[in-house]
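Notes follow once the structure below has been shown.
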Amino acid sequence: MDPNTFPRDLVEAQTAWYDAYWQLASASPANGTATYRRRLQELSRIIAGHPYWQTPAGTPAARMALKELARIQVRP
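Heads up, the sequence shown is in my numbering, so the first residue is 595 and it goes up one at a time.
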């Protein structure tokens with residue numbers, strides 16, 4: 595799927611989701627992880643509720659392509 599077909603704000607939200615996920619994964623429980631978990635929940639709501647998914651292009655395959663695109667941008 596062409597990365598230019600995704601709205602920029604959706605790609606940014608998915609990229610931020612992966613960044614927050616990896617920060618949570620590497621965080622020390624002693625330093626607290628609630629902030630990262632709240633951020634992941636917030637970003638998950640933004641991504642899942644994005645109007646793009648209501649268009650004909652918003653297929654399950656598009657969801658996977660978005661995830662792959664964002665993951666590569668965060669960790670090539």
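All C-beta atoms in this analysis are idealised placements derived from N, C-alpha and C, irrespective of residue type, glycine included.
Cα-Cα separation, residue i to residue j
{"i": "residue 579", "j": "residue 627", "result": "This structure gives no information on residue 579, because the portion of the chain shown stretches from 595 to 670."}
{"i": "residue 671", "j": "residue 601", "result": "An answer regarding residue 671 cannot be provided, because it is not within the stretch 595 to 670 covered by the chain."}
{"i": "residue 622", "j": "residue 629", "result": "12 Å"}
{"i": "residue 599", "j": "residue 651", "result": "9 Å"}
{"i": "residue 606", "j": "residue 668", "result": "10 Å"}
{"i": "residue 641", "j": "residue 616", "result": "17 Å"}
{"i": "residue 625", "j": "residue 657", "result": "33 Å"}
{"i": "residue 655", "j": "residue 635", "result": "22 Å"}
Same chain only: Cβ atoms within 6 Å of residue i, ignoring 5 sequence neighbours per side
{"i": "residue 646", "result": "601, 604 and 652"}
Neighbour-count burial assignment, residue i, 16 or more Cβ in a 10 Å radius
{"i": "residue 666", "result": "exposed"}
{"i": "residue 648", "result": "exposed"}
Supposed close pair residue i, residue j - CB separation, criterion 8 Å
{"i": "residue 618", "j": "residue 632", "result": "The Cβ separation is near 10 Å, so there is no contact."}
7 Å CB neighbourhood of residue i in its chain, flanking five on each side removed
{"i": "residue 643", "result": "none"}
Query raised in the report: Counting Cβ pairs closer than 8 Å, one from the segment 660-667 and one from the segment 600-620, do we hit at least three?
Result: The segment 660-667, when compared against the segment 600-620, does touch it at the 8 Å Cβ threshold.
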